[in-house]
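For the sequence shown, the working numbering begins at 13 and goes up steadily by one. Every residue gets a Cβ at the ideal spot worked out from N, C-alpha and C, and that includes glycine. Please read all numbers here as calculations on a predicted model, not as lab measurements. Presented below is the structure to which this report refers.
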Amino acid sequence: MGQVELATSTSGILGDALRHATSWFHSSTETALVVLLLIIVRGALAFANTLISAHVGEQINEVARNRVHLQYLSTSYSFFQRHDEAYLMEVLGTETWLISGAYSNLTRIIVSSCSIVLFLSFLLALSVKITVIAIAASMAVSAGMRHLSRPMQELGSGVKLVHQRLGEHMLMTLQGMRTIRAYGQEKVHQERFEGASAEARRVALGLARLSALVSPLTEVGYLVVLCLVIASANMWGIGFATSLTAVALLYRLQPHMRELETSLLYMAQIEPQLRSIRLMLAKDDKEYPKPGHLAIDRLGDRISFRNVTFRYDAGSDPALRDVSFDIPAGKITALVGASGAGKTTIVNLLLGLYSATEGCILVDGRPIEDLRRPEWLGLLAIAGQDVDLVEGTVIDNVRMSKNDASEAEILHALRVAGISEIVEALPDKYDSWIGQHGTRFSGGQRQRLGLARAIVRKPEFLILDEAMSALDRSLEDSVKRAIQQQLNGRTLLLITHRLESVLDADHVVCLEGGRVCAEGPPARLLADSSNLFSRNLRLGAVRAAP
């Protein structure tokens, strides 16, 4: 009987509401049009909200990517020596995209929290006792859900590590493709990759299972809350209308509580990735190259190493020990020595990739750290044994050293480096795609591309670090003559293991075990049979000496 009365009462209320609406809008057609208009407005607002949220989220992602990329370019070179390439790729290429998800969840947390406060305010106005029971029971449910946070964080960390390992295998495959195929290791590398891929699947499924528990557990928990509220209302003799209204409010509150719990657990899941981004953007634990404050537009006198000692890591053996020598301006200086003698370390110091642990490097009498870094590096160019080619065309690779180089300058540099004929024989000539490893070019051809990249810069100071080691003697002599004609009167630092190649140098610095063992003109060093340079020549390191 009570149910019939309730249904009759409800239908009467709805009927009254419909009659009032009809009286306001004079006809059912007007009412329908208003409802349609409200639906359209609601859809437009939802569309605008989606667009605004997407715009803000993508802007946040863009800012995060740009800041991480800038950090990579700004921090000291030693920073990259201490981190895996796969880790750096994971942070920049994957984890920065999670920032917008964190932003969206943060906004949902704020909106859900505000909605919860609003509903609880209505509930409090309705009944203090019911509100106390509802809050206490909801806090118990929330505390139970908090137990999922730690497993979520652990699985999030597992996902991060697995993705990093997977990235390492990808890089190994792509960067080592030639070696893998040359030694027939395709099966081994496929098995390793499949193992890492299976681990990624396992961790992802574990995370999915845990995430799938959130919704049903939350619903069951808040169903228990509703039951407690109804039981408490009956026990305390609270009226049926008040109890029904409280249950309705709690029912409307449940989706907001569920969304809050889901968002909090998602934030716990991605916390390891967000922590990586925060650590990457932090500046207090990183070193940065000094920008310098002294202007420099040319190399006038000399570069001087004065008692320079350098260690790559604190506590390690020095790569250079109390080194002192000069590189005269406008002259050819040869740096010779066995592998590990310290030649590359000297180049790294000149390029500002590292700073001397002890001693100083002077450029025309001024400390190299005090020079404006862009201006100093603007005077330099380097071509090495290993050429860092990039994804792009021949022109793109040569233009790496000078963004505004004209096509005519690039073609001239390629001719000086002795590779223009080879490039012109390619199907797309100078627009031919090279790729990171330049597999269509031989080692000597890649080195000549590196030489062209250095030559197009028209440097005051050119460093050739075993830059022609893959060239035969006659081709090396030809390219060297062309470079000397092109850069006549400029400073040249020649690093080579071919001692006969340095006999035409003006100045020779001989390194042994990280120390300078001899320095001076080649003729004077040859006359002294006690130094390494002279001994190697006399032992037959060259075919003949003038």
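Where residue i sits in the DSSP three-state scheme
| i | result |
| --- | --- |
| H639 | Lying outside 13 to 558, the shown extent of the chain, residue 639 is not represented and no answer is given. |
| L363 | coil |
| N319 | strand |
| G14 | With a pLDDT of 42 at G14, under the threshold of 50, the modelled position of this residue cannot be trusted, and the question is left open. |
| R458 | helix |
| A326 | coil |
| I250 | coil |
| D477 | strand |
| G170 | helix |
| A346 | strand |
| L499 | coil |
| L538 | helix |
| G532 | strand |
| T230 | helix |
| T405 | strand |
| R310 | coil |
| L219 | helix |
| I192 | helix |
| L85 | helix |
| R333 | strand |
| L132 | helix |
| I431 | coil |
| E299 | coil |
| Q197 | coil |
| S490 | helix |
Beta-carbon proximity list for residue i, same chain, < 7 Å, skipping 5 on both sides
| i | result |
| --- | --- |
| L293 | R79, V80 and Q83 |
| N409 | L401, V402, I446, L461 and R465 |
| E107 | Q285, S288 and I289 |
| R120 | E271 and S275 |
| M279 | A114 and N117 |
| E198 | I192 |
| L240 | I145 and A149 |
| A152 | none |
| R264 | F131 |
| M101 | G179 |
Nearest-angstrom Cβ-Cβ length linking residue i and residue j, presumed shorter than 8 Å
| i | j | result |
| --- | --- | --- |
| Y442 | V491 | That belief does not hold up - the Cβ atoms of Y442 and V491 are roughly 19 Å apart, past 8 Å. |
| A346 | L110 | 52 Å between Cβ atoms; not a contact. |
| A307 | E387 | 6 Å |
| L332 | G349 | Actually they are not in contact, since the Cβ atoms of L332 and G349 sit about 11 Å apart, beyond 8 Å. |
| A98 | L183 | 6 Å |
| L222 | L167 | 6 Å |
| L262 | L238 | 6 Å |
Spatially closest choice to residue i from the options, by CA coordinates
| i | options | result |
| --- | --- | --- |
| Q176 | E283, V68 and A212 | A212 |
| A208 | V153, R469, L173 and E231 | L173 |
| L426 | M412, A216 and V468 | V468 |
| L362 | D334, A393 and L261 | A393 |
| G249 | S65, R310, S139 and A368 | S139 |
| V215 | M164, L229 and C239 | M164 |
| T503 | M412, L391, R411 and A341 | A341 |
| K295 | V75, I147 and S86 | S86 |
| A535 | L515, V103 and E524 | L515 |
| D3 | H305, A368, N73 and V68 | Here the chain has residues from 13 to 558 only, and residue 3 is not among them. |
| P301 | H95, E436, D518 and F91 | F91 |
| L374 | G390, S418, L311 and E433 | L311 |
| L463 | L438, I122 and Q498 | Q498 |
| G156 | V226, V171, C126 and Q397 | V226 |
| F473 | D329, L389 and Q459 | L389 |
Sequence-distant residues of its chain with Cβ nearer than 6 Å to residue i (five each side left out)
| i | result |
| --- | --- |
| C372 | R318 and P379 |
| S336 | F317, R318 and N319 |
| E370 | T321 |
| G552 | At G552 the pLDDT is 46, less than 50, meaning the model places this residue with poor confidence; the figure from the coordinates comes in the next sentence. Within the same chain, G552 has no close Cβ partners at all. |
Spatial neighbours of residue i in its chain, beta-carbon cut-off 8 Å, leaving aside the 5 residues before and after
| i | result |
| --- | --- |
| N360 | Y89 and Y366 |
| I242 | S255 and V259 |
| P303 | R384 and R385 |
| S413 | A393, R465, A466, V468 and R469 |
| G404 | W445 and I446 |
| E524 | G349, A350, A353 and L544 |
Beta-bridge partners of residue i, as assigned by DSSP
| i | result |
| --- | --- |
| C372 | R318 |
| R527 | E524 |
| W388 | Bridge partners of W388: none, in fact. |
| G69 | None, per the DSSP bridge assignment. |
| D338 | S316 |
| I394 | I475 |
| W445 | T405 |
| R378 | V375 |
| I507 | L347 and D477 |
| L383 | L306 |
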